[in-house]
Amino acid sequence: MAIGNPDSWIEQLRQCKYLPEPDIKALCEMVRGILMEESNIQPVSSPVTVCGDIHGQFWDLLELFRVGGEPPDTSYVFMGDFVDRGYFSLETFSLLMALKARHPSRITLLRGNHESRQITQVYGFYDECQRKYGNANVWKSCCQVFDYLNLAAIIDGRVLCVHGGLSPDVRTLDQIRIIARAQEVPHEGAFCDDIETWRVSPRGAGWLFGGAVTKEFNHVNGLSLIARAHQLVQEGYKLMHDNNIVTVWSAPNYCYRCGNVASIFAVDDLIAYESKNGASALVGAAASGQDEEQGDTTKTAAAAGDAPQAGKPWEATQANFKIFDAVPDQTRTVTMHSQYFL
Numbered sequence: 133m134a135i136g137n138p139d140s141w142i143e144q145l146r147q148c149k150y151l152p153e154p155d156i157k158a159l160c161e162m163v164r165g166i167l168m169e170e171s172n173i174q175p176v177s178s179p180v181t182v183c184g185d186i187h188g189q190f191w192d193l194l195e196l197f198r199v200g201g202e203p204p205d206t207s208y209v210f211m212g213d214f215v216d217r218g219y220f221s222l223e224t225f226s227l228l229m230a231l232k233a234r235h236p237s238r239i240t241l242l243r244g245n246h247e248s249r250q251i252t253q254v255y256g257f258y259d260e261c262q263r264k265y266g267n268a269n270v271w272k273s274c275c276q277v278f279d280y281l282n283l284a285a286i287i288d289g290r291v292l293c294v295h296g297g298l299s300p301d302v303r304t305l306d307q308i309r310i311i312a313r314a315q316e317v318p319h320e321g322a323f324c325d326d327i328e329t330w331r332v333s334p335r336g337a338g339w340l341f342g343g344a345v346t347k348e349f350n351h352v353n354g355l356s357l358i359a360r361a362h363q364l365v366q367e368g369y370k371l372m373h374d375n376n377i378v379t380v381w382s383a384p385n386y387c388y389r390c391g392n393v394a395s396i397f398a399v400d401d402l403i404a405y406e407s408k409n410g411a412s413a414l415v416g417a418a419a420s421g422q423d424e425e426q427g428d429t430t431k432t433a434a435a436a437g438d439a440p441q442a443g444k445p446w447e448a449t450q451a452n453f454k455i456f457d458a459v460p461d462q463t464r465t466v467t468m469h470s471q472y473f474l
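Structural data, given as structure tokens:
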């Protein structure tokens with residue numbers, strides 16, 4: 133049987149039909165080759181849309197594209213946790229890989245704590261691959277891709293995207309740039325902390341960090357904002373630490389039972405903003421010290437009038453976030469039930 137190409141793979145995967153084993157192995161090899169040429173901290177240009185955890189909720193990923201715009205018309209940064217817990221982890225990760233293969237500069241894929249051999253053997257992705265292919269070969273190929281996923285992305289040098297948060301072992305971005313990422317996620321150290329999240333976290337991995345830590349890290353590294361995922365937010369997103377950090381969550385009705393909405397974070401054209409307002413305008417959140425009022429987050433984003441005004445430092449506002457709900461049952465190939473939580 134002839135091996136397909138990214139366009140044919142995307143067409144098939146959008147119907148929630150997983151690829152034949154030879155095709156997905158070829159896709160994994162193609163994407164791994166692309167990722168090997170990319171950096172630990174992948175530079176990305178605005179405008180771009182930043183997404184949080186997906187967790188195998190395939191039909192909600194399609195809704196995300198409907199709300200945010202189809203690639204390549206819209207560029208995306210996905211901050212990890214593509215697999216586990218949802219029923220369609222294989223199709224979800226395969227579609228994102230196919231889009232990466234077809235539009236490598238428009239899709240950036242970061243590594244989450246679930247992009248791990250150990251974690252996927254516990255939370256569903258390994259079992260899903262076994263069930264759909266009858267062996268672990270595809271799972272092994274996907275794990276080889278996990279090893280080369282970016283650890284972070286930086287948008288125009290100003291907005292840092294990571295999966296979990298900050299690490300007590302990391303003070304500068306250069307310390308992330310020199311990490312040897314082509315390995316299984318270690319149990320401790322900077323690699324683990326950036327993927328997970330300095331008080332020990334009650335979740336059992338990583339650290340908790342406060343506003344002073346975030347503000348200092350942004351100041352030292354010339355950042356306006358840190359975007360992270362990893363934690364469920366009922367309202368879809370949450371700005372914290374005087375607007376120095378935002379948590380973005382992109383899996384609506386998480387595990388098909390949590391009742392939350394999801395969000396995506398549309399980052400403005402920062403270069404155009406800087407040109408209009410001066411270079412100092414992108415110093416941003418640390419200088420403003422203003423708390424964000426979230427308002428009504430049960431619908432779509434706020435009006436464009438809420439965007440930053442000329443002369444103000446750039447910071448994320450309601451206007452940057454698009455809120456969406458889980459798609460209804462009739463749009464899915466199967467009805468959602470809580471037992472889909474794997």
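So the working numbering is basically just the index in the sequence shown, starting at one, shifted up by 132.
By construction, the Cβ of each residue, glycine as well, lies at the ideal position given by its N, Cα and C atoms.
For clarity, every value in this text was computed on a predicted model and none was experimentally measured.
- With contacts defined by Cβ atoms closer than 8 Å, Val182 and Val215 do not form a contacting pair.
- Around the beta carbon of Thr304, a 10 Å sphere encloses fewer than 16 other beta carbons of the protein chains shown; the residue is thus reported as exposed.
- Membership of Cys183 in the beta strand (DSSP E) is indicated by the continuous run Val180 to Cys183.
- DSSP places Tyr405 within a helical segment (H, G or I) once states are collapsed to three.
- Per DSSP, the continuous alpha helix (DSSP H) segment holding Ala230 begins and ends at Ser221 to Arg234.
- Counting only runs of 3+ residues, the beta strand (DSSP E) found wholly inside the region 264-317 occupies 284-287 and 291-294, in chain order.
- Nearest C-alpha to Phe456 among Glu170, Pro138, Met211 and Asp192: Asp192.
- Cα atoms of Ala268 and Arg164: separation of roughly 18 Å, rounded to the nearest angstrom.
- DSSP, read as helix, strand or coil, puts Ala451 in helix.
- The DSSP-derived three-state label of Leu371 is strand.
- Approximately 5 Å separates the beta-carbon atoms of Leu402 and Ser178; this is inside 8 Å, confirming the contact.
- DSSP lists Tyr208 as the beta-bridge partner residues of Ile239.
- If you look at Ala359, you'll find it in the beta strand (DSSP E) that goes Leu357 to Arg360.
- Cα atoms of Leu355 and Ile377: separation of roughly 10 Å, rounded to the nearest angstrom.
- DSSP, read as helix, strand or coil, puts Val176 in strand.
- By the Cβ neighbour-count rule, Gln189 is buried, with 16 or more other Cβ atoms within 10 Å of its own.
- Taking a contact as a CB-CB distance under 8 Å, the pair Thr346 and Gln363 does not count as one, their CB atoms being some 15 Å apart.
- Per DSSP, Ala134 lies in no beta strand (DSSP E) and is assigned neither H nor E.
- If the five residues before and after Gly136 are omitted, its C-beta is found closer than 6 Å to the C-beta atoms of Asp155, all from its own chain and listed in chain order.
- In this chain, Ile186 is not harboured by any beta strand (DSSP E), its DSSP state being neither H nor E.
- Taking a cut-off of 8 Å on C-beta distances, the region 384-395 does not touch the region 229-242, as fewer than three cross pairs fall below it.
- Under the DSSP definition of a beta bridge, Val399 partners with Val180.
- Val380: member of the beta strand (DSSP E) spanning Ile377 to Val380, first to last residue.
- Look at Ala344 here: in three-state DSSP terms it is helix.
- Contact check for Ser226 against Leu281 fails: the beta carbons are separated by 8 Å or more.
- Between Ile310 and Ala284, the gap from beta carbon to beta carbon reaches 8 Å or more.
- With a contact defined as Cβ atoms closer than 8 Å, Glu367 and Val399 miss out at about 19 Å.
- Measuring C-alpha to C-alpha distances from Ile186 to each of Gly212, Val317, Met229 and Glu170 identifies Gly212 as the nearest.
- In the three-state scheme derived from DSSP, where H, G and I count as helix and E and B as strand, Ala158 is classed as helix.
- Within the model, the alpha-carbon separation for Ala230 versus Lys149 is close to 13 Å.
- In this structure, Leu196 sits near Ile396, with a CB-CB distance shorter than 8 Å.
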